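Residue numbering for the sequence shown follows this note's numbering, beginning at 17 and increasing consecutively.
Think of the CB as a built atom: it goes at the ideal place given N, C-alpha and C, for glycine as much as any other residue.
The structure displayed is predicted, hence computed values, not measured ones.
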Amino acid sequence: MHLAPLLAAGVPLLGWTTHSTALARRLATARRDPLTGLLTRDGFTTRAERLIRRHPERTTVLLIDLDDFKAVNDTHGHAAGDAVLTATARRLATWCGTDGIAARLGGDEFAAVVLDAEHRVPDLNDQLHHPVPFGTELLSVSASVGTSHPATLLLTEALSAADGQMYAAKPGARTARRR
């Protein structure tokens, strides 16, 4: 048996396989926030739309924004802010469990799509108000949560509806929205 034909076919195949595996890993990494490990907006959108299509009557879309997050960074430094973000991400991911997906959309804004979650939202609210350990301190945190039920809405419309509810829930309920 001659090995030359096998090697001629096998070496390029091995190269393409290695290249594809590396590319797939890079794409997966790009869809994850490096600080929190949660999905980024792109990864979240794809998976959230799929979950909503499969279970439109059972899904709840949530938008979460940390209240006065800038004060944490200004008072305690960016390492403290990172601790708050990672604790929030961990709490949100744990709350979502296997019935949902969570994402960090950017800055101090998070989102989730979860099945059968309406009765559990108060528990998430409580968890997001627990202090975050940082060194020898406990950092006070709070978050505003907005929800939407996208049974007849697109994900973008559901996020917009949750955004309106979230801003209404903010301390002081500012009438002017940021953006």
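What's the gap between the Cα of residue i and the Cα of residue j?
i      : j      : result
ALA105 : ALA128 : 11 angstroms
HIS145 : TRP111 : 14 angstroms
For a quick check, are the C-beta atoms of residue i and residue j less than 9 angstroms apart?
i      : j      : result
ASP81  : LYS186 : yes
LEU108 : PHE126 : yes
SER158 : ASP84  : yes
VAL77  : ALA178 : yes
ARG63  : LEU54  : no
Any idea what DSSP makes of residue i, helix, strand or coil?
i      : result
GLY53  : coil
GLY113 : helix
VAL157 : coil
PRO138 : helix
ASP98  : helix
ASP81  : strand
LEU131 : strand
THR152 : coil
ARG120 : strand
GLY188 : coil
GLU73  : coil
ARG48  : strand
Beta-carbon within less than 8 angstroms of residue i's beta-carbon, same chain only, minus the 5 sequence neighbours each way: which residues are those?
i      : result
MET182 : LEU79, ILE80, ASP81, SER160, VAL161, GLY162
HIS92  : PHE150, GLU153, LEU155
GLY188 : none
Which same chain residues, not among the five before or five after residue i, have their C-beta less than 7 angstroms away from its C-beta?
i      : result
LEU131 : HIS71, ARG74, THR75, ASP115, GLY116
THR52  : LEU101, THR102, ALA105, ARG120
VAL88  : ALA96, GLY97, VAL100, LEU155
ARG194 : With a pLDDT of only 48 at ARG194, under 50, the local geometry of the prediction cannot be trusted, and no value is derived from it.
PHE60  : ILE117, ALA119, ALA127
ARG47  : LEU55, THR56, ASP58, GLY59
GLU65  : LEU171
CB-CB under 6 angstroms to residue i, same chain, minus the five flanking residues each way: which ones, in chain order?
i      : result
ARG136 : none
ASP49  : THR56, ARG120
ALA133 : THR76
Check the C-beta distance from residue i over to residue j and give it rounded, since I have them as a contact under 8 angstroms.
i      : j     : result
LEU140 : ILE68 : That pair is no contact at about 19 angstroms.
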